[in-house]
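Novice: Under our numbering, the first residue of the sequence shown is numbered -19, with each subsequent residue one higher. For each residue, glycine too, the CB sits at the ideal point set by N, CA and C.
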Amino acid sequence: MSSQVLNRYLRLSFLLLAATLVLLTLPALLYHKNKLRYFSSDGRVDVRPRKLFHLLPINSGGAGPLFCKVLMSSLVHGYSPIILNWEAEGDGSYMQRLKVAGVYEFLLGLPGSEELDVVFMTDAWDVWLQLPPAVLLERYDEYGSNMVVIGADMVCWPNDWEEPACREVPESPVPEIAYEELGNTPRWANSGTIIGTVKSMKAVYSDLIVRLSEKAATDQGIFNEFLHQGRITVDYWSRLFWVTASNVDSGTIVNTRHPVSAAKDDTIPYHLLPPMLYHSRTGEYPVALHFNDHVHKHLLDEWWGRLWWTKPGFKSVWEKHLESGTAQFAHNGSMVRWEDLCGDTSL
Ligand SMILES: *[C@@H]1O[C@H](CO)[C@@H](O)[C@H](O)[C@H]1NC(C)=O
-19 MSSQVLNRYL RLSFLLLAAT LVLLTLPALL YHKNKLRYFS SDGRVDVRPR
31 KLFHLLPINS GGAGPLFCKV LMSSLVHGYS PIILNWEAEG DGSYMQRLKV
81 AGVYEFLLGL PGSEELDVVF MTDAWDVWLQ LPPAVLLERY DEYGSNMVVI
131 GADMVCWPND WEEPACREVP ESPVPEIAYE ELGNTPRWAN SGTIIGTVKS
181 MKAVYSDLIV RLSEKAATDQ GIFNEFLHQG RITVDYWSRL FWVTASNVDS
231 GTIVNTRHPV SAAKDDTIPY HLLPPMLYHS RTGEYPVALH FNDHVHKHLL
281 DEWWGRLWWT KPGFKSVWEK HLESGTAQFA HNGSMVRWED LCGDTSL
């Protein structure tokens, strides 16, 4: 072989090798973490983005500044909230029960093809979101598939302490030393923040709805039983949800210079050192902040204006997300803009 022919031969082999490598890695490159692949019935592989539903149960009579703050945190961070029970009328305890019914009704209304989509329910008065949906999904996936994950509470309530659902729930994997001064680590259920695939939520909610018809039953009490039975888990690290009751001094607002997740995020302006809530006991930036105890409801006013997406100084950043965001009413499917729901409410 002359050296010219050899050169040509080598070049050709190299090109072939390169082409083979590209073809082999292409599927992996096209596969995004937030897209689900599943086999459709005719055997084709479909790829479609996984949906995340942020459910907010609230009736129009209960809406006001607190709800608008919650809604704003959802819209600014790019969620597409769905409002449940808007037309309902009743007192607090009736609405509390209806919260479960509203979620269950929503789940039943979804077509079967959506079983691997993710449903995320938060209380509509006192839960603020501070990280975008991609981060929530990425962290939810750390729990493995088909798990219902619920906020971790410092206390077992309203169950009796003598019940196995209080005494015998799993120990927390968080080292005790992290919560040394408080004497215990959160390991019971708090029903104000819940996430799960449609499939897992349907299974849990269909039993919840039956149990809730019993006298004096509460959703949180039943969730503690489910926790004890191993049907759900709680978010021990406050990586998804920070439940503030008896745990409020774990939270500090800090200017945050580096992205807290590798998930794609075009919302949080890290280059401007945005103030965000940091959980100093577990070293996490929780996705959702749940101001659940009555003693610290004042933080819903005091911290409004301290987190970056509540500060006028950052308005040019958050305003565009708010203006383009819409919520949807579950009862009639109508979309509603922030301006129309909360435009006249002073926060
Ligand atoms: C859906 O419900 C909302 C709130 O009650 C109402 O403002 C809206 O007009 C309704 N949309 C339709 C199409 O009926």
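Does DSSP classify PRO138 as helix, strand or coil?
Specialist: What you label residue 138 is simply residue 158 of the sequence shown in a count that begins at 1. Of the three classes helix, strand and coil, the one that applies to PRO138 here is coil, per DSSP.
Novice: With a threshold of 8 Å (Cβ to nearest heavy atom), would GLU85 be considered close to ligand 1?
Specialist: In the sequence shown, the residue the question calls residue 85 occupies position 105. No.
Novice: Using DSSP with H/G/I as helix, E/B as strand and the rest coil, what is GLY41?
Specialist: For the purposes of this step, residue 41 is taken as the residue at position 61 of the sequence shown. Correct three-state label for GLY41: helix.
Novice: Just to check my reading of the structure: THR102 and LEU192 have Cβ atoms closer than 8 Å, yes? What is that Cβ distance to the nearest angstrom?
Specialist: Position 122 of the sequence shown, counted from the start, is the residue given in the question as residue 102. Position 212 of the sequence shown, counted from the start, is the residue given in the question as residue 192. Not really, about 19 Å apart at Cβ, beyond 8 Å.
Novice: Can you tell me whether ILE233 is helix, strand or coil according to DSSP?
Specialist: Stepping through the sequence shown from its first residue, residue 233 is reached at position 253. Looking at ILE233 - three-state DSSP - the assignment turns out to be strand.
Novice: Our contact map puts LEU269 next to TRP108 with C-beta atoms below 8 Å; I'd like the distance itself, whole angstroms only.
Specialist: Here residue 269 refers to the residue found at position 289 when the sequence shown is read from its first residue. Here residue 108 refers to the residue found at position 128 when the sequence shown is read from its first residue. Their Cβ separation, rounded to whole angstroms, is 5 Å, which keeps LEU269 and TRP108 in contact under 8 Å.
Novice: Which whole-angstrom value describes the C-beta separation of LEU207 and PRO266, a residue pair presumed to lie in contact below a C-beta threshold of 8 Å?
Specialist: In the sequence shown, residue 207 corresponds to position 227, counting from 1. In the sequence shown, residue 266 corresponds to position 286, counting from 1. Not really, about 19 Å apart at Cβ, beyond 8 Å.
Novice: Taking 8 Å as the cut-off, is the beta-carbon of PHE100 closer than that to any non-hydrogen atom of ligand 1?
Specialist: Translated into the one-based positions of the sequence shown, residue 100 becomes position 120. No.
Novice: Quick one: is the Cβ of TRP168 within less than 8 Å of any heavy atom of ligand 1?
Specialist: Position 188 of the sequence shown, counted from the start, is the residue given in the question as residue 168. Every heavy atom of ligand 1 is 8 Å or more from the Cβ of TRP168, so no.
Novice: Can you give, in chain order, each stretch of the beta strand (DSSP E) that sits fully within the stretch 212 to 286 and has at least 3 residues?
Specialist: Correct list: 221 to 223, 231 to 235, 255 to 259, 268 to 270.
Novice: Where SER304 and LYS295 are concerned, what is the direct C-alpha to C-alpha distance, given to the nearest angstrom?
Specialist: As a working note, residue 304 is residue 324 in the sequence shown. As a working note, residue 295 is residue 315 in the sequence shown. Near 14 Å, if we compare the C-alpha coordinates of LYS295 and SER304.
Novice: Checking the sheet assignment: what are the DSSP bridge partners for HIS34?
Specialist: Translated into positions along the sequence shown, residue 34 becomes position 54. Per DSSP, PRO61, PHE100.
Novice: Quick check: what's the CA-CA separation for ASP320 versus ILE174?
Specialist: In the sequence shown, residue 320 corresponds to position 340, counting from 1. In the sequence shown, residue 174 corresponds to position 194, counting from 1. Going from the Cα of ASP320 to the Cα of ILE174 covers about 28 Å.
Novice: Can you check whether the CB of SER218 is closer than 9 Å to the CB of ARG261?
Specialist: Counting from one through the sequence shown, the residue named residue 261 turns up at place 281. Counting from one through the sequence shown, the residue named residue 218 turns up at place 238. For ARG261 and SER218, yes; Cβs fall inside 9 Å.
Novice: Specify, as a first and last residue, the run of the alpha helix (DSSP H) that GLN76 falls within.
Specialist: The count along the sequence shown starts at 1 and reaches residue 76 at position 96. 72 to 88 is the span of the alpha helix (DSSP H), which, as asked, contains GLN76.
Novice: Need the endpoints of the beta strand (DSSP E) that ASN170 sits in, please.
Specialist: Here the question's residue 170 lines up with position 190 in the sequence shown. Boundaries of the beta strand (DSSP E) around ASN170: 168 to 177.
Novice: With a threshold of 6 Å on Cβ separation, who are the neighbours of TYR120 within its own chain once the five nearest residues in sequence on each side are excluded?
Specialist: To locate residue 120, count along the sequence shown from 1; it is residue 140. Result list for TYR120: ILE175, in chain order.
Novice: Span of the alpha helix (DSSP H) holding ALA114?
Specialist: Indexing the sequence shown from 1 puts residue 114 at position 134. Run containing ALA114: 113 to 121, per the alpha helix (DSSP H) assignment.
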